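Working notes for the structure below.
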Amino acid sequence: MDPITTMGATIIVANKAYKVFEDLIYRRIYGVSKEELDASNKEKAKDVTALGEVKRDWIVKSEMIKIQREYNNLGKTLNLSAPYIISEENKIKEGDDLFWNILEHSKKISNAEMQILIAKIIAGEYNNPKTYSMSTLQVLKSLDAKLVNDFLNVLGVSIDGIGVMQDVFSTVEEMKILNVSYVTLLELQNIGLISSNPSIIKSEETVTGVYLNKQIHFTVKDVANNKELNVPGFYSLTNAGKEIARHLNVKENTNFLSWLEKKYKDNTFNNINIIIINDNEN
Numbered sequence: 421m422d423p424i425t426t427m428g429a430t431i432i433v434a435n436k437a438y439k440v441f442e443d444l445i446y447r448r449i450y451g452v453s454k455e456e457l458d459a460s461n462k463e464k465a466k467d468v469t470a471l472g473e474v475k476r477d478w479i480v481k482s483e484m485i486k487i488q489r490e491y492n493n494l495g496k497t498l499n500l501s502a503p504y505i506i507s508e509e510n511k512i513k514e515g516d517d518l519f520w521n522i523l524e525h526s527k528k529i530s531n532a533e534m535q536i537l538i539a540k541i542i543a544g545e546y547n548n549p550k551t552y553s554m555s556t557l558q559v560l561k562s563l564d565a566k567l568v569n570d571f572l573n574v575l576g577v578s579i580d581g582i583g584v585m586q587d588v589f590s591t592v593e594e595m596k597i598l599n600v601s602y603v604t605l606l607e608l609q610n611i612g613l614i615s616s617n618p619s620i621i622k623s624e625e626t627v628t629g630v631y632l633n634k635q636i637h638f639t640v641k642d643v644a645n646n647k648e649l650n651v652p653g654f655y656s657l658t659n660a661g662k663e664i665a666r667h668l669n670v671k672e673n674t675n676f677l678s679w680l681e682k683k684y685k686d687n688t689f690n691n692i693n694i695i696i697i698n699d700n701e702n
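Quick note, the sequence shown lines up with residues 421 to 702 if you use the working numbering.
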């Protein structure tokens, strides 16, 4: 019996590209193509006698259940990767540890949201090998659905091109308004999604970032007295954080822009002005 299909996780051959991908997977797992495996299984079925069900030791039974569960997880994840497979050429080599280790990790993942995330990463690495790094795999191994949700909340107050403003975590009141937590920040930093040390941008020119469909411009308020702009401390995403974040559906934090304007547009910070522009206004 083909473990990938035993638990209802039938691989959908969506297109020619996925067919090539599927052949790679079957040859890796079974050493033969899907067609050869199906033919072999049909031959074996003819040899089944009416001896009844063979009783197995409970350890063997538990191992079989574990194997079925793992291949069920793998099959579901591969199914989810199908819409994202676009390369009609197999570029994955036998010694490509990153790709095969991502697949191996997917066996342990049963959460649907995590399976979608890993499916996108599998497809991205298959289409373009070396798109991801081993550090991304290590972060994936530390992630669960709760941490992904926590990461999404922090991305909801992150400015692309700059990072997560350190002042977001200034007070308990501000964190409640923005639905973030300093403890969560530390967890995300600990597993390698966000840098641990804050940075400051110093420039004599406008510093621009993007928040969803809006441009955020930090400018010098009083150029006559001081041309240097110091954007307040921020935490940038790590490379792994950026690679994972691109596959997440980040939603707007409805309180963030008003907080941003209040925090930086008034006189709280000397010589900093902030301008927020919708892309559709340009």
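We put the beta carbon where it would ideally sit given N, CA and C, even for glycine.
Values in this document were obtained by computation on a predicted structure and should not be read as measured data.
What does the Cβ neighbour count give for D570, buried or exposed, with the cut at 16 atoms within 10 Å?
Burial call: buried.
When we look at the beta-carbon of A429 and count the other beta-carbons within 10 Å, is it buried (16 or more) or exposed?
Here A429 scores only 48 on pLDDT, less than 50, and its place in the model is too uncertain to base an answer on.
In this structure, does DSSP put D517 in helix, strand or coil?
Here D517 sits in helix by DSSP.
Nearest CA to the CA of S562: which residue from I522, N633, S501?
It is I522 whose Cα lies nearest to the Cα of S562.
Considering Cα atoms alone, identify which of I579, E648, D458 is closest to V640.
Closest option to V640, Cα to Cα, is E648.
Might you give, ordered along the chain, the residues of its own chain that have their beta carbon closer than 8 Å to the beta carbon of V574, omitting 5 neighbours on each side?
V584, V600, T604, L605, L608, I614, listed in sequence order.
If contacts are defined as beta-carbon pairs under 8 Å, then V568 and M595 qualify, I think. What distance do you get, rounded to the angstrom?
Going by Cβ atoms, the distance from V568 to M595 rounds to 19 Å, so no, they are not a contact pair.
Looking at L598 and W679, is the spacing between their C-beta atoms short of 8 Å?
Contact flag set, yes.
Return the chain-ordered ranges of every alpha helix (DSSP H) run that is complete within the region 603 to 678 and spans a minimum of 4 residues.
List check, alpha helix (DSSP H) in window: 659 to 665.
Assess contact between the region 492 to 500 and the region 513 to 530, defined as three or more Cβ pairs (one per stretch) separated by less than 8 Å. Is contact present?
Segments in contact, yes.
Determine, using beta carbons only, whether E593 and L632 come nearer to each other than 8 Å.
Contact flag unset, no.
For the pair the region 619 to 639 and the region 542 to 557, tell me if three or more CB-CB distances fall below 8 Å.
Contact fails: fewer than three Cβ-Cβ distances are below 8 Å.
Is it the case that the Cβ atoms of Q558 and Y655 are separated by a distance below 8 Å?
Taking 8 Å as the Cβ cut-off, Q558 and Y655 do not qualify as a contacting pair.
Compute the beta-carbon to beta-carbon distance between E508 and A437, rounded to the nearest angstrom, for a pair I have assumed lies under 8 Å.
Sure, about 5 Å apart at Cβ, within 8 Å.
According to the Cβ coordinates, are V577 and N510 closer than 8 Å?
For V577 and N510, no; Cβs fall outside 8 Å.
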